[in-house]
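Colleague:
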Amino acid sequence: MKRTFVPEWQKDEAYYKKRLSNAASVKLFRMRKKKVEEEHNQKILLFKEKLVQFTNNIDKIRASFQIKLSTLNYEYMNALNTMCDMWHQEITIQFKELYNIANDIPEFKTRNYGFKSNCKNNNVVEIPERKIIKGKNDCKCNDIFL
């Protein structure tokens with residue numbers, strides 16, 4: 024390939040053209056990057072505002088729920104507690120009856136069908152005690168399921 028002579032002034036012109044195009048592309052890149060960062064920051068600010076609104080709504084809902092709970096009728100809560108007491112008594116009676124029936128069967132006396140963990144040395148079944156959770160309204164309705 025034949026080499027052609029390029030004068031100095033043309034070399035300088037090509038160099039500066041290349042530098043100017045690089046500078047323009049760097050400037051465009053920086054402008055685009057700045058624009059993307061601004062959009063990202065705006066999205067973060069919008070997200071923070073929505074988060075604050077969401078937490079405020081949750082606080083309002085929680086406060087209204089607590090007000091409704093505190094305005095429940097005391098007699099209604101007492102009726103629920105007596106129903107839970109009756110259910111617990113019936114369950115303990117049925118548990119004792121089932122244990123007596125199981126002790127009458129000789130197979131259950133000789134083999135271990137899971138009764139060993141519930142029995143003491145004197146063959147008395149451990150009946151789980153009712154847990155009482157003392158809270159704002161002293162509601163015992165959920166205690167039977169604990």
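Counting from 24, one number per residue, gives the positions in the sequence shown under the working numbering. Just so you know, even glycine gets a beta-carbon here, dropped at the ideal spot from N, CA and C.
(1) Using a Cβ-Cβ cutoff of less than 8 Å, which residues in the same chain neighbour A37 once the five nearest sequence positions on both sides are dropped?
(2) Nearest-angstrom Cα distance between W110 and Q65?
(3) Report the three-state DSSP secondary structure of L92 (helix, strand or coil).
(4) What did DSSP end up calling T27 once you bin it into helix, strand or coil?
(5) What does the alpha-carbon distance come out to for the pair R53 and I67?
(6) Mark V147 as exposed unless 16 or more other C-beta atoms lie within 10 angstroms of its C-beta, in which case mark it buried.
Modeller: Quick answer:
(1) The residue labelled residue 37 in the question sits at position 14 within the sequence shown. Nothing listed; no residue qualifies.
(2) As a first step, residue 110 must be located in the sequence shown, where it is residue number 87. As a first step, residue 65 must be located in the sequence shown, where it is residue number 42. Straight-line Cα distance between these residues: approximately 59 Å.
(3) The residue you call residue 92 lines up with position 69 of the sequence shown. Correct three-state label for L92: helix.
(4) Counted from its first residue, the sequence shown places residue 27 at position 4. If DSSP states are grouped into helix, strand and coil, T27 belongs with coil.
(5) As a working note, residue 53 is residue 30 in the sequence shown. As a working note, residue 67 is residue 44 in the sequence shown. Each residue's alpha carbon lies about 21 Å from the other.
(6) Numbered from its first residue, the sequence shown carries residue 147 at position 124. For V147, the predicted model reports a pLDDT of 49, less than 50, meaning its position is unreliable and no value from the coordinates is stated.
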